[in-house]
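Chemist:
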Amino acid sequence: MRVDRSDDALDTLFQPFADGVLAWPGEALFLRARDGVGLRQAPRPGLLCEQDFKPAADALERGGLDAIELESLDPQRRFPLVLVLPPRQREEARALFAQAVARCAPGGRVLACMRNDEGARSGEDDLAKLAGKVGSLSKRKCRAFWSAPLQGPADPALVRAWSALDAPRDILGGRFRSRPGVFAWDRIDPASALLAAHLPADLAGRAADLGAGYGYLAAELLARCPRIASLDLYEAQARAVALARHNLDGARVPVESFWHDVTAGLPRRYDVIVSNPPFHAQGREERPDIGRRFIQVAAQSLERGGRFWMVANRHLPYEQALDEHFGEVRTVAQDGGFKVVEARGARGRA
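This is the structure in structure tokens:
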């Protein structure tokens with residue numbers, strides 16, 4: 001997956017240091033860190049990065065920065081600066097702001113940045129509720145905003161309440177466990193439901209789900225296809241992987257879940273692959289190149305005679321990629337703006 005694209009939010013996050021408004025403190029925690037130009041314009045000694053999106057975590061590691069999981073950090077450790085690139089999902093973002101404030105050392109600051117069209121004004125207001133008065137600057141259609149030096153949160157009760165906003169919880173009458181920030185976190189995605197409804201019962205052998213989310217499609221595959229012998233789940237978001245493991249625990253066949261960037265290829269071959277490919281990375285921009293790469297990787301990872309079943313928005317241009325990588329392609333269903341496709345005869349297997 002490409003990670004070298006322009007990242008206006010990241011660049012604007014570091015603008016207060018470039019302008020001399022803030023000084024780098026020598027140690028910092030960066031929540032939802034991303035690599036890019038803004039991060040590299042000056043030395044950032046003592047920077048500790050957190051990132052649960054595998055392509056972004058891999059990019060940080062390629063740049064010599066380790067990406068940790070926040071749960072692995074000593075709960076008592078505090079930092080003089082906590083940087084945040086909040087997600088779009090409001091509950092997840094509020095929980096991240098609360099964690100940032102809680103991780104601030106006495107006299108430390110929280111500095112965040114969001115795109116204007118992804119809730120920057122609301123994000124600034126949310127940080128102010130937790131931390132008190134904030135400063136800000138706008139550039140590149142983004143807003144960077146930061147707290148005054150903190151001696152604890154302005155509203156400790158709100159920090160505690162917001163910290164729990166993205167906690168895992170039961171959904172759909174207890175059938176699944178999910179949490180805010182995961183794709184279609186509190187519902188069954190209609191595209192995945194359409195694909196599940198058309199999966200034929202004769203699918204058999206070793207199977208994989210590419211972009212498995214919290215595990216709905218994987219559960220449906222096992223329920224509808226009794227000849228599936230094993231199932232591997234690949235998902236780029238670490239929090240979704242943990243949920244999928246929970247939701248598929250006790251399945252009738254061996255199930256493994258991997259925190260993995262599908263666009264980097266798969267380590268195994270399969271008789272069946274199913275997928276509802278993502279078409280966004282971490283922003284609003286449509287990324288059909290991700291889906292095209294999923295199609296290519298599926299073709300490379302199928303055994304001879306293997307079958308690929310996918311669903312996508314009808315407007316996404318996947319037909320050429322399907323024809324390039326498979327000898328036989330058929331549209332099985334079109335409904336509600338989505339298309340279900342079966343592809344066989346994979347070409348160009350490594």
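Residues in the sequence shown are numbered from 1 upward in steps of one, following the UniProt record's numbering. Using N, Cα and C, we set each Cβ at its ideal position, and we do this for glycine too. It should be emphasised that the depicted structure is a prediction, and the values quoted were computed from it without experimental measurement.
So the candidates are 332, 286, 58; which of them puts its Cα closest to the Cα of residue 315?
Modeler: Closest option to residue 315, judged by alpha-carbon separation, among 332, 286, 58: 286.
Chemist: Within 8 Å (strictly less), CB to CB, does residue 310 reach chain D?
Modeler: No chain D appears in this structure, which consists of one protein chain only.
Chemist: According to DSSP, is residue 6 part of a helix, a strand, or is it coil?
Modeler: DSSP places residue 6 in coil when its eight states are reduced to three.
Chemist: If you run the structure through DSSP and keep just helix, strand and coil, what is residue 84?
Modeler: strand
Chemist: Give the range of the alpha helix (DSSP H) segment to which residue 248 is assigned.
Modeler: From DSSP, residue 248 is part of no alpha helix (DSSP H); its letter is neither H nor E.
Chemist: Could you give the first and the last residue of the continuous alpha helix (DSSP H) run that contains residue 290?
Modeler: 288 to 301
Chemist: Does the beta-carbon distance from residue 81 to residue 108 come in below 8 Å?
Modeler: yes
Chemist: Roughly how far, in whole angstroms, is the beta-carbon of residue 339 from the beta-carbon of residue 311, given that I think they are within contact range, below 8 Å?
Modeler: That belief holds up - the Cβ atoms of residue 339 and residue 311 are roughly 7 Å apart, short of 8 Å.
Chemist: At a cut-off of 7 Å, would you count residue 315 as near the ligand ATP, judging by its Cβ distance to the nearest heavy atom?
Modeler: The ligand ATP is not among the ligands present in this structure, which contains no ligands whatsoever.
Chemist: Going by alpha carbons, who is nearest to residue 106 out of 154, 73, 70?
Modeler: Of the listed residues, the one whose Cα sits closest to residue 106 is 154.
Chemist: Could you give the distance in angstroms between the alpha-carbon of residue 227 and the alpha-carbon of residue 52?
Modeler: 34 Å
Chemist: Within 10 angstroms of the Cβ of residue 143, are there 16 or more other Cβ atoms? Answer buried if so, exposed if not.
Modeler: buried
Chemist: Can you find the residues in the same chain that come closer than 7 Å, C-beta to C-beta, to residue 317, ignoring five residues on each side of it along the sequence?
Modeler: 288
Chemist: Give me, in chain order, the residues of the same chain whose beta-carbon lies closer than 6 Å to that of residue 165; leave out the 5 immediate sequence neighbours on both sides.
Modeler: 91, 94, 95
Chemist: Residue 246 and residue 333 - do their beta-carbons sit closer together than 8 Å?
Modeler: no
Chemist: Is it buried or exposed for residue 10, if we count other Cβ within 10 angstroms and need 16 for buried?
Modeler: buried
Chemist: Tell me the DSSP secondary structure of residue 17 in three-state form.
Modeler: helix
Chemist: What is the rounded straight-line gap between the Cα of residue 335 and the Cα of residue 179?
Modeler: Going from the Cα of residue 335 to the Cα of residue 179 covers about 28 Å.
Chemist: Would residue 306 and residue 272 be called neighbours here (beta carbons separated by less than 8 Å)?
Modeler: Yes, the Cβ-Cβ distance between residue 306 and residue 272 is below 8 Å.
Chemist: Rounded to a whole number of angstroms, what is the C-alpha to C-alpha distance between residue 358 and residue 279?
Modeler: Given a span of 1 to 350 for the chain in the structure shown, any question on residue 358 remains unanswerable.
Chemist: Would you kindly report the start and end of the unbroken alpha helix (DSSP H) that includes residue 162?
Modeler: 156 to 163
Chemist: For residue 214 versus residue 194, is the C-beta spacing smaller than 8 Å?
Modeler: Not a contact, by the Cβ cut-off of 8 Å.
Chemist: Tell me which residues share the same chain as residue 191 and place their Cβ nearer than 6 Å to its Cβ, disregarding the 5 neighbours each side in the sequence.
Modeler: The answer, listed in chain order, is 276, 311, 338.
Chemist: If you run the structure through DSSP and keep just helix, strand and coil, what is residue 334?
Modeler: strand
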